[in-house]
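Engineer: FYI, the numbering for the sequence shown is 10 to 113, going by my numbering.
Okay, here's the structure, questions in a sec.
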Amino acid sequence: MSEILWLFSIGLGTWYWWDTMRAQEAAREAGLRACQQTNVQFLDDTVERKRQWLRRNTQGRVQLCRLYFFEFTSDGSQRYQGRIVMFGQRLREVEMDAYRMPPE
10 MSEILWLFSI
20 GLGTWYWWDT
30 MRAQEAAREA
40 GLRACQQTNV
50 QFLDDTVERK
60 RQWLRRNTQG
70 RVQLCRLYFF
80 EFTSDGSQRY
90 QGRIVMFGQR
100 LREVEMDAYR
110 MPPE
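Okay, here's the thing in structure tokens:
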């Protein structure tokens, strides 16, 4: 019995790691796309997971939700923050701090 529990734990840990990596890559792509659409520079080519929680989706199934932060710059001198919320593997929202437009 303990062997089955041990294998289940390893399987669950592997699934969690794999799901987290997929969600992080989707969040990184969403942050990069948001920066490209607003003509700002996506910094460090990465996102940082700040929080995760469980919630029910519209079908009533429990899913993992994750909050990611990223940084961007509009003029190269100041960093601003953006936030990405993922529900499972789906993008829920992208928010970006107000930023200074570079002079023309």
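Heads up, the beta-carbon is just placed ideally off N, CA and C, and yes, glycines get one too.
All values reported here derive from a predicted model rather than from experimental measurement.
#1: Can you tell which of Leu76, Arg31, Thr67, Asn66 has its C-alpha closest to the C-alpha of Glu57?
#2: State the start and end residues of the unbroken alpha helix (DSSP H) segment that holds Arg31.
#3: Which value, in whole angstroms, describes the spacing of the CA atoms of Phe81 and Leu21?
#4: Distance cutoff 8 Å, beta carbons only. Does Cys44 sit that close to anything in chain C?
#5: By the three-class DSSP mapping on this structure, what secondary structure does Val103 have?
#6: When the Cα of Lys59 is compared with those of Gln90, Gly69, Cys44, Arg42, which residue comes out closest?
#7: With burial defined as no fewer than 16 other Cβ atoms inside 10 Å of the residue's Cβ, what is the status of Gly40: buried or exposed?
Structural biologist: Once the coordinates are examined:
#1: Ranking Leu76, Arg31, Thr67, Asn66 by Cα distance to Glu57 puts Leu76 first.
#2: That run of the alpha helix (DSSP H) goes 11-46.
#3: Approximately 35 Å between the Cα atoms of the pair.
#4: This model lacks chain C altogether; it includes just one protein chain.
#5: Val103 falls in the strand class under three-state DSSP.
#6: Per the C-alpha coordinates, the member of Gln90, Gly69, Cys44, Arg42 positioned closest to Lys59 is Gln90.
#7: Burial check for Gly40: the Cβ neighbour count within 10 Å reaches 16 or more, so the residue is buried.
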